[in-house]
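> In order, the protein sequence lines correspond to chains Z and G.
First residue of the first sequence? That's 4 in the numbering used here, and the numbers climb one at a time after it.
First residue of the second sequence? That's 53 in the numbering used here, and the numbers climb one at a time after it.
Backbone N, C-alpha and C define an ideal beta-carbon position, used for all residues, glycine too.
Can you read through this structure? Questions will come right after.
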Amino acid sequence: MKGGILFFLLLVCFSANTQELQKRLDSLSVLIGTMPADDTATINLRNDYIKQALFSNPADSTLTEFAQQTLETAEKTGYHKGVLFAYERLALISQYSFSNPYKALDYYHKSLSVAENNPGLNSCKWGITGGIATIYYEQEEYDMALRSFKEIILNNKDLELTATANIANVYGAMEKVDSAIYFYKKALQHPQTEQNPAFKANLYSNLSLMYEKAGNAALAVTTAEKSLALINAHGIEFVRPTAYANASMAYLGAGDYVKAEYYARESLQLGELQGNLFLLKSAWGTLADVFAAKNDYKNALQAHIRYSALKDSLNNQNRRVEINRKQMEFDFEKERAFAQTEIARQNSIKKATLLGGLGLLVVSALGFILYKRRRDALEQKKEAEFNALVSDTELKALRAQINPHFIFNSLNSIGDYILKNDNKSAQDYLIKFAKLMRTVLENSEFKEIPLSEELKFIELYLQVETKRLPGKFSYIINVENELDTENILVPPLLLQPFIENSIWHGFREKESQGNIVIDFKRKDNMLLCSVDDDGQGGSNNTTGAGKKSLGIAITENRIKILNKQKNASGKLQILQKLNNTGTRVEVSLPLQNAF
Amino acid sequence: MITAAIIEDEQHSTDRILTLLEPYAEKIKTVCFTTADEAIQGIETLRPDIVFLDVHLHDKTGFDVLSGTAHHNFSLIFITAYEQYAIKAFRFSAIDYLLKPIDANDFKNALQKALDKVQQNQLDERIGVLLSHLSTENSVRKISIPTKDGYSLLNISDIARCEADVNYTHIFTLGGIKYTISKPLKYFEGLLVSHGFFRIHNSHLINLSFVKSYAKSGYVTLLDNTKLDVSIRKREAFVKACKRL
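What follows is the structure, given as structure tokens:
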């Protein structure tokens, strides 16, 4: 079925016909002009004016501003009822003039909150709930619309009729024809209906449509005729177009094509006058059906074309509402998405902070471990360096001890010459001694010197001593051929104390000439040095009279420190030959090369 | 007749030299000064052929005498007891010296060289080298090396390396010139180690600032592309010394 008829929405306080409306409107606007703006009565009047004006001319765009001004004045004067109705009017304007149900809903809610916060205005709440319910209806939220209207019926007797009529409308929209018929009938039986022919006419018209939908053509026609009779009797012009359209449908259903065409054309005319597209569409739709039923296919086609075009354009209008809704949804989604991204951002910040903190912790722990390890290594190195320094100093001190020891022995020799009055020999000896001293001083600067230097020194020392004790002893220095004396390193003045002991103690009381054999050779990775004399025993005694020679003690300590430093196993051995026939001192050192 | 000036503030030292010169009395006339000022004047007027010069002269030094005189046409022999810094400077400038107490043999050798006048060659320049090594200023340090015809003065920083050849040493400069001196490498090592040289091998002493690259396998390459072996025992110390540079 093509001719879907729109419902004429029943508003809260709907009574007057068009002429009456316009008259009241004019008197109101005159009244408003003469009264002080901030008076509560003025505000009431303004609100009344808005409502009337809205239904007299829904396209009046100046009403919004007028309503806003009313709202401001009411708020300024603290007139709550004025504020409530101003919000309600704004909601109505949004809903009917701008087809913006969401904005309307917003105003309704504001209005509602004013009603709820002021106990005196509680009764006004239901009118607003009705407005909200019509929005639900428009938005096809039928269940919610029904719930609201039913609530109104229960709570406010004054609004019982409009609510019942609207419930009928909702059921009609839901295609629940039986329920719709039941509630229309209930509304028609309501006592208030009798006093309001316009309302009654509209109810009959809508009821006829329901009968038609229910397939009861006869009842539809009689009901439609009741509606038309009321309209004609009372001149209810604004119901007329809808009633005509519905009547046309009823006649069409009953097979009365003439009347159907007549009312359809009338409806068409009225619709054109009003510029009401819904009316035009259903009129053309009904006409198309009428022509088709009359087998007038040419006109049927043309009517159908008109109908289709209107339907499309109406769909576009519907789409506008849809777009509005979509926009709202979009805005909401955007806000939600923003909130979600904000939450996500906060979360990720939290996570990042946590991760960063964790990372920092790990890094600092790692850093600490590395630092500690490095510090420990550094400390160990420092300690080792310090130990080396200590032992170096010790060695130097030990070498230094040799110097005075040697010096005083030599000075004794020079004293001997002077005693003997041998100036020439004293001079020669002194010069040799000076050279020897120089060598000692130079060599003892170093921890190690080439073996060749040490040999030079031993030679010089023995020369000096031979000079001092001519004929007392002879010496031989043997160096194994394969030894590279320039390259082998030895601690300076290592053997001197033993040679000294042989000469001073071994040969002192010996009648015959003594012999010293000094030997350097290599054994495996060791350098073996030996001082072998045939003097009277005890020259290098360590076990005898108990008192160790200073030279031996010093040398023992030096070897000990060298062993520690080089991780070597140098040794000092002193052997007494049988029957007091001499002493042999053996020093073994790790073989060290300079290059 | 040859004139020998003995500049010495201690009488017993002067006596010792005079005693040692006694055998040459026919040839050599001696004159003695005990202070630096006397000596400066004496050298300018007498123009001695041989000068025995003590490092210590009361509150002055033998070096003051040298810087105070313009004429250095003599054979110079320093006398010192134990001034290590001075001995090093003598060696750099190849100026002869005797150590107190003076050994008769050493004296004889030194005097012979002085008589041969070998020591007179380029004495001015060598005194310059000597004084520069004694000064604390950071001047260009040189080294005098005895050659066949006299002395060559080299900038120490121009010496790339020294190579041992038994008891001789070959000195190579950056310019590729080779000098051969009859002193062991050890002698130059003692002098040059404090001037950025390093003994990398029994036979090689190199100037560290001439090192171009070092391979971990133990070869060092110098700026003139000479490749030299670094002995195993010296490698660690060598790397350390290079880093210190």
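1) Contact defined as beta carbons within less than 8 Å: I believe G:F130 pairs with G:L186. What is the distance between those atoms, to the nearest angstrom?
2) Can you pull the chain G neighbours of Z:L433, defined as C-beta to C-beta under 9 Å?
3) Looking at the structure shown, is G:I229 part of a helix, part of a strand, or coil, going by DSSP?
4) To which residues does DSSP link Z:D536 through a beta bridge?
5) Flag Z:A437 as yes if its beta-carbon sits less than 8 Å from any beta-carbon of chain C, otherwise no.
6) Report all residues from its chain with a CB closer than 6 Å to the CB of Z:L531; omit the five preceding and five following residues, and keep chain order.
7) With a CB to CB cut of under 7 Å and the five nearest residues on each side skipped, what residues in its chain are close to G:D111?
8) Between which two residues does the beta strand (DSSP E) harbouring Z:S151 extend?
9) Can you check whether the CB of G:C214 is closer than 8 Å to the CB of G:T221?
10) Quick check: the region 94-110 of chain Z against the region 78-86 of chain Z, are there 3 or more CB pairs under 8 Å?
11) Using 8 Å as the threshold, is the region 169-178 of chain G in touch with the region 193-203 of chain G, meaning 3 or more CB pairs across them?
12) Nearest by alpha-carbon distance to Z:L231: which of Z:A217, Z:S447, Z:A253 is it?
13) Please determine if the region 454-462 of chain Z and the region 490-508 of chain Z are in contact, where contact requires at least 3 C-beta pairs separated by less than 8 Å.
14) Any idea which residues DSSP pairs G:G202 with across the strands?
15) Would you grab the beta carbon distance between Z:L74 and Z:L57 for me? Rounded to a whole angstrom, and I think it's under 8 Å.
16) Per DSSP, Z:C127 forms a beta bridge with which residues?
17) Using 7 Å as the cut-off, classify the Cβ of Z:Q305 as near or not near the heavy atoms of the ligand GTP, replying yes or no.
18) Determine the direct distance from the alpha carbon of G:D210 to that of Z:S483, and round the result to whole angstroms.
19) Looking only at its chain, what residues have a beta carbon closer than 6 Å to the beta carbon of Z:A303, apart from the 5 residues adjacent to it on each side?
20) In chain order, which continuous runs of the beta strand (DSSP E) of length 3 or greater are located wholly inside the region 125-154 of chain G?
21) Measure the alpha-carbon distance for G:V83 versus G:H256 and round it to whole angstroms.
22) State yes or no: is the C-beta of Z:Y105 within less than 8 Å of the C-beta of Z:G134?
23) Taking the alpha-carbon of G:A122 as reference, which of G:L73, G:I92, G:K264, G:D61 has the nearest alpha-carbon?
24) For G:L182, report the span of its beta strand (DSSP E) as first-last.
25) Under 8 Å, do Z:S211 and Z:A250 count as touching if we go by C-beta distance?
26) For the candidate residues Z:G81, Z:E388, Z:L280, Z:T289, whose alpha-carbon lies nearest to that of Z:Y266?
27) Short of 7 Å in beta carbon distance, which residues of its chain neighbour Z:K569, apart from the five on each side in sequence? Order them along the chain.
28) Beta carbon of Z:N209, beta carbon of Z:G175: below 8 Å?
29) Is DSSP giving Z:H112 helix, strand or coil here?
30) Beta carbons nearer than 7 Å to chain Z: which residues of the region 244-257 of chain G have them?
31) Could you spell out the range, first to last residue, of the alpha helix (DSSP H) harbouring G:V245?
32) Which residue wins for smallest C-alpha separation from Z:L663, given the options Z:S505, Z:L108, Z:G538, Z:G359?
33) What does Z:N528 touch in chain G if you count any residue whose Cβ is under 8 Å from its own?
34) Have a look at Z:E503 and Z:I452 and give me their C-alpha separation to the nearest angstrom.
35) What residue range does the beta strand (DSSP E) around G:T55 cover?
36) Counting only runs of 3+ residues fully inside the region 43-121 of chain Z, write out the beta strand (DSSP E) ranges in chain order.
Checking against the coordinates, here is how it stands:
1) In the second sequence, residue 130 of chain G corresponds to position 78, counting from 1. In the second sequence, residue 186 of chain G corresponds to position 134, counting from 1. The Cβ separation is near 12 Å, so there is no contact.
2) As a working mapping, residue 433 of chain Z is identified with position 430 in the first sequence. Those within 9 Å of Z:L433 in chain G are P153.
3) The sequence position of residue 229 of chain G within the second sequence is 177, counting from 1. G:I229: coil per DSSP, three-state reduction.
4) Counting from one through the first sequence, the residue named residue 536 of chain Z turns up at place 533. According to DSSP, Z:D536 bridges with Z:I519, Z:T586.
5) Among the protein chains of the structure shown, namely Z and G, there is no chain C.
6) The residue you call residue 531 of chain Z lines up with position 528 of the first sequence. Excluding residues within five positions, the ones whose Cβ falls inside 6 Å are K524, S591.
7) Position 59 of the second sequence holds residue 111 of chain G. Closer than 7 Å at the Cβ level, and outside the excluded window around G:D111, lies no residue.
8) On the first sequence, position 148 is the one that residue 151 of chain Z refers to. Element bounds for Z:S151: not the beta strand (DSSP E) but the alpha helix (DSSP H), 145-158.
9) Sequence index remark: in the second sequence, residue 221 of chain G carries index 169 (1-based). Sequence index remark: in the second sequence, residue 214 of chain G carries index 162 (1-based). Result yes, Cβ atoms of G:T221 and G:C214 sit closer than 8 Å.
10) no
11) yes
12) Against the first sequence, residue 231 of chain Z aligns to sequence position 228. Of Z:A217, Z:S447, Z:A253, the residue nearest in Cα terms is Z:A253.
13) yes
14) Residue numbering aside, residue 202 of chain G sits at position 150 when the second sequence is read from its first letter. Per DSSP, G:T199.
15) Here the question's residue 74 of chain Z lines up with position 71 in the first sequence. Here the question's residue 57 of chain Z lines up with position 54 in the first sequence. The pair is not a contact, with the Cβ atoms about 15 Å apart (cut-off 8 Å).
16) To locate residue 127 of chain Z, count along the first sequence from 1; it is residue 124. Per DSSP, none; premise fails for Z:C127.
17) This structure lacks the ligand GTP, and indeed carries no ligand of any kind.
18) Counting from one through the first sequence, the residue named residue 483 of chain Z turns up at place 480. Counting from one through the second sequence, the residue named residue 210 of chain G turns up at place 158. First, the residue type needs correcting, since residue 483 of chain Z is Glu and not Ser in the sequence shown. The alpha-carbon atoms of Z:E483 and G:D210 are separated by roughly 41 Å.
19) Start at 1 with the first residue of the first sequence, and residue 303 of chain Z comes out as number 300. The residues are A291, F294, A295.
20) 127-132, 148-151
21) Along the second sequence, one-based indexing puts residue 83 of chain G at 31. Along the second sequence, one-based indexing puts residue 256 of chain G at 204. So the alpha carbons of these two residues sit roughly 46 Å apart.
22) Taking the first residue of the first sequence as position 1, residue 105 of chain Z is located at position 102. Taking the first residue of the first sequence as position 1, residue 134 of chain Z is located at position 131. No, Cβ-Cβ distance for Z:Y105 and Z:G134 is not below 8 Å.
23) Taking the second sequence and counting its residues from 1, the one referred to as residue 122 of chain G is at position 70. For G:A122, the nearest C-alpha among the options comes from G:I92.
24) Taking the second sequence and counting its residues from 1, one reaches residue 182 of chain G at position 130. Note, G:L182: premise wrong, no beta strand (DSSP E); alpha helix (DSSP H) at 175-186.
25) Counting from 1 along the first sequence, the entry for residue 211 of chain Z is found at position 208. Counting from 1 along the first sequence, the entry for residue 250 of chain Z is found at position 247. Yes. Within cutoff.
26) The count along the first sequence starts at 1 and reaches residue 266 of chain Z at position 263. With distances taken between Cα atoms, Z:Y266 lies closest to Z:T289.
27) Translated into positions along the first sequence, residue 569 of chain Z becomes position 566. Contacts found: P593.
28) Locating residue 209 of chain Z in the first sequence gives position 206, counting from the first residue. Locating residue 175 of chain Z in the first sequence gives position 172, counting from the first residue. Contact: yes.
29) The residue labelled residue 112 of chain Z in the question sits at position 109 within the first sequence. Looking at Z:H112 - three-state DSSP - the assignment turns out to be helix.
30) H253, N254
31) What you label residue 245 of chain G is simply residue 193 of the second sequence in a count that begins at 1. Note, G:V245: premise wrong, no alpha helix (DSSP H); not H, not E.
32) This structure does not reach residue 663 of chain Z, given that chain Z is present from 4 up to 598, and the question cannot be answered.
33) The count along the first sequence starts at 1 and reaches residue 528 of chain Z at position 525. Ordered by position in chain G, no residue passes the 8 Å Cβ test against Z:N528, which lies about 14 Å from the chain.
34) One-based indexing of the first sequence puts residue 503 of chain Z at position 500. One-based indexing of the first sequence puts residue 452 of chain Z at position 449. About 20 Å.
35) Taking the first residue of the second sequence as 1, we reach residue 55 of chain G at position 3. Per DSSP, G:T55 belongs to the beta strand (DSSP E) from 54-59.
36) none
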